[in-house]
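Residue numbers (this note's numbering), protein chains in the order written: chain A, 6 to 243; chain B, 456 to 689.
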Amino acid sequence: MVAPILPLNLTSIEVRRSGRTILGPLSHRLEGRGISILMGPNGSGKTTLLKTMHGIERPTRGQIDWQITAEEARLRQAFVFQTPTILRRSVLDNIAFPLLLRGVPRKSAQTTAAELGEKVGLGKVLQQSAMVLSGGEKQKLALARALILAPDVLFLDEPCANLDSRATRDIEAILCDARDRGTRIVMATHDHGQARRLADEIWFLHAGKLIESTPKTQFFDAPQSAMARAYLKGDLLP
Amino acid sequence: MDKIWEALYQAARLIFGFDPDLVEITLLSLQVTVTATLIASAIGLPLGAWLVVNRFRYRRIVIAIINALMGLPPVVVGLFVYIMLSRSGPFGVLGLLFTPTAMIIAQVIIITPIIVSISHQAIRELWADYHDLLISLNATRLQRVMTLIKDGRRALLTAALAGFGRAIGEVGAIMIVGGNIDHVTRVLTTAIALETGKGEFGLALALGFVLIGMAILVNLAVHGLSRTERGSRW
Chain A
6 MVAPILPLNL TSIEVRRSGR TILGPLSHRL EGRGISILMG PNGSGKTTLL KTMHGIERPT
66 RGQIDWQITA EEARLRQAFV FQTPTILRRS VLDNIAFPLL LRGVPRKSAQ TTAAELGEKV
126 GLGKVLQQSA MVLSGGEKQK LALARALILA PDVLFLDEPC ANLDSRATRD IEAILCDARD
186 RGTRIVMATH DHGQARRLAD EIWFLHAGKL IESTPKTQFF DAPQSAMARA YLKGDLLP
Chain B
456 MDKIWEALYQ AARLIFGFDP DLVEITLLSL QVTVTATLIA SAIGLPLGAW LVVNRFRYRR
516 IVIAIINALM GLPPVVVGLF VYIMLSRSGP FGVLGLLFTP TAMIIAQVII ITPIIVSISH
576 QAIRELWADY HDLLISLNAT RLQRVMTLIK DGRRALLTAA LAGFGRAIGE VGAIMIVGGN
636 IDHVTRVLTT AIALETGKGE FGLALALGFV LIGMAILVNL AVHGLSRTER GSRW
């Protein structure tokens, strides 16, 4: 039995960059199963919060506590960036890359990567250079690469920004599949429709503060804060 | 112009006649420079990548010094190596002065800064691209460097070829430490200098054409083997 990684406790974390507070102070707890969606206008701190939780952005103040040490926790999470980082290699080698870093022999890494690539719909392009993929394919590749280590927690930063509905549907299907297999997903998005489709709970951020964190239905039907009401109505927030 | 036609004719005669002296000189040129390029690449490419992924206090200064060393006058390098290897120098006991090994040492010193600097520039852009992913995947420092070297290999090849280009045409340093001894340390560039000094412009020019032709061949061969400059990207 592997020690559980969650809940994750964030205690008054604050991120300041060049004298400006871009996140926090913020305290929250990530637990349970399912998909949490971060919503909020640009600059509200969604990306910073994701990166801080993942541990690639260092908070100026505050505590981030997993149930295991931070180093162990890092190995059991993955992050999908808004603009996928594509290694100048074949699609197959891109997906296999995290396994290679963990010392898995090349052959077996490629076998696993090929299966996963097939599953996310990249079966036909596995041997191609990843640099020539379309935007949707690149994001699927990034997703497959994030999932290949079967992470306990998966962070995604607007993975479907700039994708058409078909690619978005494919990616959502992959995410739901990962969720069903027990991966805890935290994802930022601007897309209300996507939030309605995927979310179990919504974290609503504004100006670096967590304004509310409520189950999806409640958020969309009866948001508690005036700020969230205005955001959902489509008003431009200050 | 007559001189040039004459030289071309003489070059052709030397090459197609497989003049044994020419073959020997050319092979020694290749041997010295290829060895120097390999050694300098083994030092310079990882160092260039290492300088990209490591943030340390004097990083800027180190990079500035390496960039400055690109302009190192070969004669000065030659003199320095000469002093080090001469009988009374610290490495005199090795008896390396006036051997091809001494020439290799001098060329390594001359081209390593070039290879470090060019590979550093190239790898830096790749690192900007890969940074977030490699950090997120918890790659170790060594893994980061190896990944950058592997995926930046084409740019690194250019760095190595730039080093080769500088070394193959270099004369000042190897003249001093090699001594241009016939059948021992005479290479194309030192032979050209000698023939020019003797007034044998035709032969000197002919050797020059051989040198240029060889440099082109080496570049073509390397690109051919590594399949660069083929696909539309990378």
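The beta carbon of each residue, even a glycine, is placed where N, CA and C say it ideally should be.
Is the CB-CB distance between residue i and residue j below 7 angstroms?
i	j	result
residue 63(A)	residue 157(A)	no
residue 611(B)	residue 599(B)	no
residue 232(A)	residue 216(A)	yes
residue 566(B)	residue 621(B)	yes
residue 446(B)	residue 582(B)	This structure cannot speak to residue 446(B), because chain B is shown only from 456 to 689.
residue 540(B)	residue 527(B)	no
residue 141(A)	residue 172(A)	yes
residue 523(B)	residue 632(B)	no
residue 18(A)	residue 67(A)	yes
residue 106(A)	residue 603(B)	no
residue 128(A)	residue 100(A)	no
residue 5(A)	residue 85(A)	Chain A is shown from 6 up to 243; residue 5(A) falls before or after that span and cannot be answered.
residue 533(B)	residue 628(B)	yes
residue 9(A)	residue 72(A)	yes
residue 650(B)	residue 529(B)	no
residue 148(A)	residue 179(A)	yes
residue 503(B)	residue 571(B)	yes
residue 92(A)	residue 606(B)	yes
residue 491(B)	residue 559(B)	yes
residue 103(A)	residue 154(A)	yes
residue 672(B)	residue 480(B)	no
residue 656(B)	residue 466(B)	no
residue 42(A)	residue 200(A)	yes
residue 125(A)	residue 145(A)	yes
If distances are taken between C-alpha atoms only, which option among the options comes closest to residue i?
i	options	result
residue 574(B)	546(B), 662(B), 544(B) and 614(B)	614(B)
residue 88(A)	229(A), 98(A) and 52(A)	52(A)
residue 498(B)	569(B), 473(B) and 591(B)	569(B)
residue 239(A)	182(A), 45(A), 123(A) and 72(A)	45(A)
residue 31(A)	41(A), 20(A), 24(A) and 25(A)	20(A)
residue 678(B)	640(B), 616(B), 584(B) and 634(B)	616(B)
residue 40(A)	190(A), 98(A) and 219(A)	190(A)
residue 456(B)	660(B), 666(B) and 673(B)	660(B)
residue 160(A)	8(A), 228(A) and 54(A)	54(A)
residue 113(A)	125(A), 235(A) and 98(A)	98(A)
residue 645(B)	576(B), 553(B) and 595(B)	553(B)
residue 197(A)	16(A), 234(A), 25(A) and 56(A)	234(A)
residue 482(B)	464(B), 680(B), 472(B) and 641(B)	641(B)
residue 478(B)	580(B), 597(B) and 669(B)	669(B)
residue 505(B)	658(B), 595(B), 542(B) and 647(B)	595(B)
residue 166(A)	27(A), 181(A) and 143(A)	143(A)
residue 60(A)	74(A), 174(A) and 48(A)	74(A)
Please check if any C-beta of chain A sits within less than 7 angstroms of the C-beta of residue i.
i	result
residue 688(B)	Residue confidence is low: residue 688(B) scores 47 on pLDDT, short of 50, so the model does not pin down where it sits. Its coordinate-derived value is still stated next. Closer than 7 angstroms to some Cβ of chain A, the Cβ of residue 688(B) qualifies, so yes.
residue 588(B)	yes
residue 522(B)	no
residue 471(B)	no
residue 583(B)	no
residue 591(B)	yes
residue 594(B)	yes
residue 598(B)	yes
residue 476(B)	no
residue 413(B)	This structure leaves residue 413(B) out entirely; chain B is present only between 456 and 689.
residue 457(B)	no
From the DSSP output, read off the bridge partner residues of residue i.
i	result
residue 22(A)	25(A)
residue 541(B)	Residue 541(B) is not bridged to any residue.
residue 193(A)	43(A) and 162(A)
residue 14(A)	34(A) and 70(A)
residue 5(A)	Look at the range of chain A in this structure, 6 to 243, and you will see that residue 5(A) is not part of it.
Is the shortest distance between the beta-carbon of residue i and the beta-carbons of chain B less than 7 angstroms?
i	result
residue 216(A)	no
residue 61(A)	yes
residue 90(A)	yes
residue 103(A)	yes
residue 209(A)	no
residue 79(A)	yes
residue 93(A)	yes
residue 171(A)	no
residue 224(A)	no
residue 106(A)	yes
Using only the heavy atoms of the ligand MG, determine whether one of them is closer than 6 angstroms to the beta carbon of residue i.
i	result
residue 15(A)	As for the ligand MG, it is missing from this structure, which has no ligand bound.
Alpha helix (DSSP H) runs contained entirely in the stretch 36-99 of chain A, provided each spans 4 or more residues: 51-59 and 75-80
Segments of 4+ residues assigned as alpha helix (DSSP H) that fall wholly inside the stretch 207-240 of chain A: 221-226 and 231-238
Ranges of the alpha helix (DSSP H) found wholly within the stretch 615-658 of chain B, counting only runs of at least 4: 627-633 and 643-653
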